[in-house]
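A.B. asks:
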Amino acid sequence: MTNSSDARSLNEIEALVLKAARGAGLPLGHAEDIAAAAPLLAAAAPGDLDQLVAALAPPHDPVTLPEADPILLHAPRIAMAGPLILDRLMAEGGSACLRTPDAPALMIALARAAAPAGQIATRTDGTYLHLTMTPDQPPPGPPTLAGPVPVPPRIWASLESLAARTLVPESEASRRSGAGAGLSDND
Amino acid sequence: MLDLPIPPQTSLRPPSEVMRLRRMGAAFPTRLSFLPTLLRHMAAERVRIDRPVWNIDARGFGHALYTLRLAGHAYGLVAVSSDLPPEARTDRVIATAWDTAHVLTDGIPDAAELARIVAAAPRQEAARFTARDLILSRANKSVRLFDHVTARLAAGGQPDPGLVRATGYLMRTTAVYGNGKFGIADRSRIADRPVLSGPFMAEMLTVWLIRHFTHDLAEHVGGARLDPRLKRHLGIGNATGLGMAPFLVAHPLLLDAWMQVRETALARVRAVEALEADRIDRLHTLVARAAAHLAEWQVDDPTAAARLDMLRREWPEVAAHLSPEALARPRPLDRLMSGATRWSIDTQELLAALLIEPFGDLVDGLTECMASPFAPRLDPAMSCEALAALIAQDWDWALALDFAQRRHSARFWYVSEEKAEPRLGDRFTEDGAERESPLDIARQVQALARDLAGQRGPLSRFLALHPNHRAAARRVQTLARHPYAEIRDNMIGAECLPIDMLRCKLAFFGAAKFDPKSDRWTRIALAQGAPLGPDPDSAQDWWLAAMDP
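Heads up: the protein sequence lines correspond to chains A and B, in order.
If you use numbering that gives the first Met the number 0, the first sequence corresponds to residues 0 to 186, in order.
If you use numbering that gives the first Met the number 0, the second sequence corresponds to residues 0 to 548, in order.
So this is what it looks like as structure tokens:
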């Protein structure tokens, strides 16, 4: 097997996306959902990781979902809206129609991660993304994910840049005492 | 389908008792721990370890390859030994060089693969690996003991048994990476394989093979064979810091599985109505062995030393309670465990581990339940009232904390820019708390409870208005189905000892001889006293093994 520097394991992707989403200022729970969906997205279509990076770009404003069923949203930002839409469908049934969401592939991956038995059907024509709660559908088999996945360096760098916002800058005091161990182990 | 009767069991010890850090931090290894479980599997197959490559110079530097077949799959361990200057030797994450570097491979590497790994392994996190690399690890010498052992062998003698006993290992690993880190294989690659599907089995196989390497290396450098009695008492050490602690928080379902298995095993043992003579003999043997272990175990940390002193004082009382009269009564082990509250938490946990040991036929099958393929899920259809009720039921310990008091929010967990090393800071004297890692679970749930008060309707509606509570809501729901999923202590409080979290996880690995260097760093010994070869009998009986006199 060749050693491609672009190849990333699915766990690496999930772990970095979690940090990047937190670094982007998303609430922890949303960051966790996006991180759980990231391997699904990456394994299905690594090129769609571009959408994920764009979806993580701050700021992330609160989202108000309309009361009506179907939920109709124009240009929703999936990082905040996606988990809430799925919550509504899973709790109350119904459907959602999203016109030009910023990250449709992420939305689909979130739906698969939230409902692995396939209860949320998704359909897109490139402009509209439809999600429908279908609890009575026969569930598909669980997705078989296999890494590694090629991730373009620029995407990885963008994720690392966001993740770096969760790191605390180095200081001598931190280095000396933060880990609870000394700097030499020659005993 | 073959229906097997489920053994009777008493009630499990409740999470309110078991999931407190003080008790988790008193954990001992059991036969259900991962390394003993691995060794039983290897012994059952009489796994043979070969060493097709030994390219080590007279000073002990170079590389080697170990190979074996386990449950139908071939594996290799590449070991690379480098000349490390003393000023570069640190067990911290921030290290950039190590005495040895290791990769566990899926299959046997050919010459080209071996060359790739030999070049990459010493660079560790700075290199990239492939999906045929299952585990990445490194180890540093216990310099004093390694030098002593090789010098004695070179002089025609054997090492001092006292030094061997006290340290317990020639090298200690400082990281054992799995599951996709730095490009190595995702866990899914091995998740369906016999044996390696168990939690941390690949990691345990790696450290087991590293142990073999350390023996071979010392004998090579010393130019002579170690006395098998001493060699058996050289396990593999590990130096662990804060990085292991967030794992327990990030994997609540795994933690729940491990704890439920251990507590179920104890509950089955406690339900045994009467003991056969051989079990009684075994218990007496183990009590004596535990006493020898306690006598061997040395620590410098004052808190750990005080606990160990208490254990040593109380252990003879435990032995006295294993009288023929006591063990002849109905459910003798349940009585013993119920009465153990008279002793310290440390003694109670040592006793709990000991009682499980003679009952492999009753409990070993439970190890199949220690892996969890699941992830916590949010149920957005749950009502706010139901969620509030769960918080009231399971989180009283969190609700009682007053985070306005500095001592309850004194610490913050964080990851340093310097090589992403996990650290712990003082919130009121150090910078960085605005970037703290989310280990403040009690505070998160308390905040959720506050905003949830009086709310009605489905959780989905509440979380749409309060997206900041999503993670906490999921944890509350998870705990309701997995009662041992949460550490029931405040991890940002001044009294929190991260070392308690480390010890709990390490005990599940099979570690003993915990040797804390601070409240957040410890060394341990794995496999000290473990068999040297695939002997099925000795693979069953090395719990807290002391050196033969």
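By construction, the Cβ of each residue, glycine as well, lies at the ideal position given by its N, Cα and C atoms.
1) With a Cβ-Cβ cutoff of 8 Å, do residue 317 of chain B and residue 342 of chain B count as a contact?
2) Rounded to whole angstroms, what is the Cα-Cα separation between residue 508 of chain B and residue 542 of chain B?
3) What three-state label does DSSP hand residue 1 of chain A in the structure shown?
4) For the stretch 65–82 of chain B against the stretch 194–206 of chain B, do three or more pairs of beta-carbon atoms, one drawn from each stretch, fall closer than 8 Å, so that the two count as touching?
5) Are residue 236 of chain B and residue 141 of chain B close, meaning C-beta to C-beta below 8 Å?
6) How far does the beta strand (DSSP E) with residue 151 of chain B in it reach, from first residue to last?
7) Check whether chain A comes within 8 Å of residue 550 of chain B, counting only Cβ atoms and requiring the distance to be less than that.
8) Any idea if residue 216 of chain A is buried or exposed, counting beta-carbon neighbours within 10 angstroms, 16 or more meaning buried?
9) Between residue 57 of chain A and residue 469 of chain B, how many whole angstroms is the CB-CB distance? I'm expecting something under 8 Å.
10) What did DSSP end up calling residue 415 of chain B once you bin it into helix, strand or coil?
11) Whole-angstrom Cβ separation of residue 279 of chain B and residue 101 of chain B, contact assumed at under 8 Å?
12) With DSSP run on the structure shown, which of helix, strand or coil describes residue 495 of chain B?
13) Check whether the Cβ of residue 80 of chain B lies closer than 8 Å to any Cβ atom in chain A.
14) Any idea if residue 171 of chain A is buried or exposed, counting beta-carbon neighbours within 10 angstroms, 16 or more meaning buried?
15) List, in order along the chain, the chain B residues whose C-beta lies closer than 7 Å to that of residue 60 of chain A?
16) Please name the residue or residues paired with residue 520 of chain B in a DSSP beta bridge.
17) Tell whether a beta-carbon distance below 8 Å holds between residue 169 of chain A and residue 416 of chain B.
18) Since residue 462 of chain B meets chain A, which of its residues come closer than 9 Å, beta carbon to beta carbon?
19) If you follow the beta strand (DSSP E) that residue 422 of chain B is in, where does it begin and where does it stop?
20) For residue 133 of chain B, which three-state DSSP category applies?
21) Between residue 147 of chain A and chain B, is the shortest Cβ-Cβ distance under 8 Å, so that the two count as touching?
22) Pull up the distance between the alpha-carbon of residue 33 of chain A and that of residue 105 of chain A, whole angstroms please.
23) Could you list the residues in the stretch 153–181 of chain A with a C-beta less than 8 Å from some C-beta on chain B, going in chain order?
24) Please state if the CB of residue 529 of chain B and the CB of residue 28 of chain B are separated by a distance shorter than 8 Å.
25) Does the distance from the C-beta atom of residue 373 of chain B to that of residue 252 of chain B stay below 8 Å?
26) Can you tell me whether DSSP reads residue 549 of chain B as helix, strand or coil?
27) Below 6 Å CB to CB, which residues in the same chain sit around residue 443 of chain B once its five sequence neighbours on both sides are set aside?
28) Please state whether the Cβ-Cβ distance between residue 63 of chain B and residue 47 of chain B is less than 8 Å.
29) Mind checking whether residue 38 of chain A and residue 144 of chain A have CB atoms under 8 Å apart?
30) Say whether chain B places a C-beta atom closer than 8 Å to the C-beta of residue 94 of chain A.
31) With respect to the beta strand (DSSP E) encompassing residue 43 of chain B, which residues constitute its N-terminal and C-terminal limits?
32) Would residue 102 of chain A and residue 77 of chain A qualify as a contact pair, given that the criterion is a beta-carbon distance under 8 Å?
33) Residue 10 of chain B to residue 351 of chain B, Cα distance in whole Å?
34) Buried or exposed, going by whether 16 or more other CB atoms sit within 10 Å of the CB of residue 428 of chain B?
35) Which runs of the alpha helix (DSSP H) fall wholly inside the stretch 347–384 of chain B and span at least 4 residues, in chain order?
36) Check residue 148 of chain A in the structure and name its three-state DSSP category.
C.D. replies: Straight from the coordinates:
1) yes
2) 13 Å
3) At residue 1 of chain A, the pLDDT of 36 sits below 50, so the modelled position is not reliable; the number obtained from the coordinates is stated separately. If DSSP states are grouped into helix, strand and coil, residue 1 of chain A belongs with coil.
4) yes
5) yes
6) Careful: residue 151 of chain B lies outside any beta strand (DSSP E), inside the alpha helix (DSSP H) at 142–153.
7) Since the first and last residues shown for chain B are 0 and 548, residue 550 of chain B lies out of range.
8) Residue 216 of chain A lies beyond the stretch modelled for chain A, which goes from 0 to 186, so this question has no answer here.
9) Contact flag wrong, Cβ pair sits at about 18 Å.
10) strand
11) The pair is not a contact, with the Cβ atoms about 43 Å apart (cut-off 8 Å).
12) coil
13) no
14) exposed
15) Result: empty, since nearest Cβ-Cβ is about 11 Å, beyond 7 Å.
16) B:517
17) yes
18) 28, 82, 83, 86
19) 421–425
20) strand
21) yes
22) 8 Å
23) 163, 164, 165, 166, 167, 168, 169, 170, 172, 173, 174, 177, 178, 179, 180, 181
24) no
25) yes
26) In the structure displayed, chain B extends from 0 to 548; residue 549 of chain B sits before or after that span and is not available.
27) 471
28) no
29) yes
30) no
31) Premise fails: residue 43 of chain B lies in the alpha helix (DSSP H), 33–44, not in any beta strand (DSSP E).
32) yes
33) 14 Å
34) exposed
35) 359–362
36) strand
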